[in-house]
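Keeping their order, the protein sequence lines are chains A and B. Once you know that position 100 of the first sequence is 100 in the working numbering, the rest is easy, because the numbers rise by one and skip nothing. Residues are numbered in the working numbering as their position in the second sequence, beginning at 1, plus a constant of 1000. What follows is one structure encoded as structure tokens, with my remarks underneath.
Protein chains: 2
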Amino acid sequence: MTSSALAELGCQVGDAAGDVARSSSAQRDDALRAAADLFVSEADSLLAANDTDLARAGEQGMAATAIDRLRLSDARVLSMADGLRTVAGLADPVGEIVDGWVRPNGLAVSRVRVPLGVVGVIYENRPNVTSDAAGLCVKAGNAAFLRGSGSALESNKAVVAVLRRALVKAGLPAAAVTLVEDPSHETAIEFMKLRGVIDCLIPRGGPGLIASMLEHATVPYVLDGDGNCHVYVDAAADLAMAEEIVVNAKTQRPGVCNAAESLIVHRSVAAKFLPRIQRALFGVDLVGDEATRVILPDLAPASETDFGTEFLDLKLSITVVEDLSAAIGHIGRFGSGHTEAIVTGDLGAADRFVREVDAAAVVVNASTRFVDGAELGLGAEVGISTQKLHARGPMGLEALTCLKWVVRGDGQVRR
Amino acid sequence: MTSSALAELGCQVGDAAGDVARSSSAQRDDALRAAADLFVSEADSLLAANDTDLARAGEQGMAATAIDRLRLSDARVLSMADGLRTVAGLADPVGEIVDGWVRPNGLAVSRVRVPLGVVGVIYENRPNVTSDAAGLCVKAGNAAFLRGSGSALESNKAVVAVLRRALVKAGLPAAAVTLVEDPSHETAIEFMKLRGVIDCLIPRGGPGLIASMLEHATVPYVLDGDGNCHVYVDAAADLAMAEEIVVNAKTQRPGVCNAAESLIVHRSVAAKFLPRIQRALFGVDLVGDEATRVILPDLAPASETDFGTEFLDLKLSITVVEDLSAAIGHIGRFGSGHTEAIVTGDLGAADRFVREVDAAAVVVNASTRFVDGAELGLGAEVGISTQKLHARGPMGLEALTCLKWVVRGDGQVRR
């Protein structure tokens, strides 16, 4: 695809974004519900398109886990439909008057929540992301400009075709959900440079994509980063609660960003807690620092690299610290700013941890696994931002909007 | 300055940011008030340092307007001190609980406003920006990492030295306000790449700086962009009000970003309004499209370039449109997303303009000149963002903060 063809496509998406922004909530919800119905009634055509992708992936020797992500099934199609219905049922973020006041000269000032415009999403080979991302974008009054993986191209085209029919049915322009059908790397780079076309780009992918964004992107973006999350077991922790939380945070779903990767234990409870948690984490590969290995001598030593790594696996690094300050220091050094938890019965320690730990989410006496959009009550999630600007932590519909200043006067001029 | 020396300096600023974040509001306000007192009592030393810069600028043949920006005077030093006292008197944005709720499982979720951390500012040769920017950063609990122009280096060093003495007096680390003393272009580029050190970079400068940011920056940033602002005089406008607003928006201070650069007039009032505004704007260079020149034949023709240009001068482009839709379309095509105004007595037209014009600020029946932080009631301003992410429009203290999720439980784990 030439860069001028991509820019031209972008202009169409931009025009569509204007139409979506001017549409009513009801119209957008209708479009999402119509798409949900079509997904169910036309599941066969989606599965057929997916089969084409799966066959090619098989020929190319794609890894089994990747093929699993790529695969659509009746259940996954139903779940895409349910997702759209859930999003349609959420409150419309657009039009919220965030705040407002009257100036001494009589000017009435307010800030109103409005759509971003064109939201770009670059993602890997899960075809359900096509539907999820498009649904959230349209709900919040935006157009979705999607660039999925080449390995899912036929599936994504089929999903987008259904979404577009639903948009048109609801009186919205088809181009409000647009897929870049050229999966080349060059086109992805051009996509990141569509400044003036893409109002916000959300990359959903691994470190390679993030590095490419940092190097090439000129459009504004929100990064969905790593989660090197810690659980700190304080001197005043209820050790039974701590055990349950650590086990849950590490093992309930180890491959996700809000799983715990590292355990920090206060020296005064280490001798009691470490043997207990070792038993409870049977089957998890534990590595520890020197102080940990005095108590658990069979552990392999934890390197600096271990403490800095998001294992995304049944592996946990452990350190024993002198006090709360050392725990906060360790998190400051190795944390990725995603989610950090403390287990304690000491109010002062909890408050200090909450205040001083610099992360998108701080958790007191609960599992790190709760830090996602659905669990925290956002209804749906675009991703989890580990950056500080615009959106931090789980991103719901609000992250797909921005504010507009509205100033109403009756002839005021500035002196 | 080597890039490792810059990174090392950045680490010091990062450590200081932690201390500022943990400090009390009162401590930070004390620091700003102490700096204000020191500016007044030691104005002579600031002026002496400024003289060094002025002498060098004179030798190098700097333009008179640039020298004016560089110059400090007793009045400007007093105004810097007043600025710090005003900021000290504002409400502390840090600690605000933005929202919160309880989940069905009993988890108490809230979002709390916290400092960004290290705020970088790249700016030109006004030494007062050093004080203004540092004051706002510290007030919002951040450390300020400043890179000013080489031509103002001695002035900036003197201003920063005073600020640092005041910080230390209030028990805060000197490094909370740090100036990069190497004004080379290479160091500026390195500065833009201090990812993991600078939490938010605010470039205050012209198109060259913006282009350099887009090319090189890997740190998160907020752009302070151009203002190609329009006033649209609707069919239902009170023409006396329209005249006053257009004259104010264009001429009250033509060199700033919220001045009007273009006038859009509804066809039905053009024959009456255009001759009137031409008389009222005597001395302003007017250029018009064909329909305008039918009524004002002595005008030079306005090119596409004219309509796309932020003149920052006593020059105004004029177009006559068929209707409100055409006015909104013209703004969509040529506006820079800063401030757009309508003059009308028609509620429907006002509401539609507010809803459909995509800009940081939309103004009804008032001058575009009100769109700045002080006039809208923010108390102070870091800049005016024309981007949509994080901060849009005038940026006050809130733009120097971000949110943190706080999740409190009593042992919840995820099933």
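Note that the Cβ used here is the ideal one computed from N, Cα and C, for glycine as well.
DSSP places Pro115/A within a strand segment (E or B) once states are collapsed to three. Sequence-ordered contacts of the region 137 to 155 of chain A with chain B are nonexistent [C-beta pairs closer than 9 Å]. Apart from sequence neighbours up to five positions away, the residues of its chain that approach Met241/A with a beta-carbon distance below 7 Å are Val343, Asn365, ordered along the chain. Interface flag for Gly1377/B against chain A is set, since a Cβ pair is found closer than 8 Å. With at least 16 other beta carbons inside 10 angstroms of its own, Asn258/A counts as buried.
Residue range 1401 to 1412 is occupied by the beta strand (DSSP E) that includes Arg1408/B. The beta carbons of Asp226/A and His390/A sit no closer together than 8 Å. Taking a contact to require three or more Cβ pairs closer than 8 Å, the region 1171 to 1180 of chain B and the region 1147 to 1157 of chain B qualify as touching. When 7 Å is used as the limit between beta carbons, Ser367/A is near these residues of chain B: Gln1412, Val1413, Arg1414, in chain order. In terms of beta-carbon proximity, Ala133/A stays away from the interface with chain B, with every pair separated by 8 Å or more.
In the three-state DSSP reduction, Asn1365/B falls in the strand class (E or B). Secondary structure at Asp289/A: coil, using DSSP grouped into helix, strand and coil. In chain order, Lys1404, Trp1405 make up the part of chain B whose C-beta sits under 8 Å from the C-beta of Ala360/A. Residues of the same chain with a CB within less than 6 Å of the CB of Val40/A, apart from the 5 flanking positions on each side, are Ala81 in chain order. With a threshold of 8 Å between beta carbons, Lys157/A makes no contact with chain B. Gly120/A and Leu400/A have their C-alpha atoms some 11 Å from each other. DSSP, read as helix, strand or coil, puts Ser212/A in helix. Proximity to Pro93/A across Trp405/A, Gly396/A, Asp410/A peaks at Gly396/A, based on C-alpha coordinates. For Ala1161/B, the uninterrupted alpha helix (DSSP H) segment begins and ends at 1153 to 1169.
For the pair Ala1280/B and Arg1293/B, the Cα-to-Cα distance works out to about 17 Å. Around the beta carbon of Asn1125/B, 16 or more other beta carbons sit within 10 angstroms, so the residue counts as buried. The region 235 to 299 of chain A is shown to contain whole beta strand (DSSP E) runs of 3 or more residues at 260 to 266, 285 to 288, in chain order. Bridge pairing for Met1395/B: Gly1383/B [DSSP]. By the neighbour-count criterion, in which 16 or more other beta carbons inside 10 Å mark a residue as buried, Ile1097/B falls on the exposed side.
For the options Leu403/A, Arg392/A, Ala7/A, Ser385/A, the alpha carbon positioned closest to that of Glu190/A is the one of Ala7/A.
Met241, Glu244, Ile245, Asn248, Gln252: these are the residues of the region 239 to 252 of chain A whose beta carbon lies less than 7 Å from some beta carbon of chain B, given in chain order.
By the beta-carbon neighbour count (other beta carbons within 10 angstroms, threshold 16), Asp1068/B is exposed. Among the CB atoms of chain B, none fall inside 8 Å of the CB of Lys169/A. Using a CB distance cut-off of 8 Å, Arg1276/B does not count as an interface residue toward chain A.
By a beta-carbon distance limit of 8 Å, Leu1038/B does not contact Leu1054/B. Their separation comes to about 22 Å. Looking only at Gly14/A, Val20/A, Arg76/A, Thr2/A, the smallest Cα-Cα distance to Ala36/A is reached by Arg76/A. In the DSSP assignment, the residues bridged to His1230/B are Ser1262/B, Glu1340/B.
Exposure of Leu347/A is indicated by the presence of fewer than 16 other C-beta atoms within 10 angstroms of its C-beta.
Residue Ser317/A holds the alpha-carbon nearest to the alpha-carbon of Phe334/A among Ala349/A, Ser317/A, Asp323/A. Sixteen is the threshold: since fewer than 16 other Cβ atoms of the shown chains lie within 10 Å of the Cβ of Trp101/A, the residue is exposed. The residues Val320, in chain order, have a CB closer than 6 Å to that of Ala291/A in the same chain once the five nearest residues on each side in sequence are set aside.
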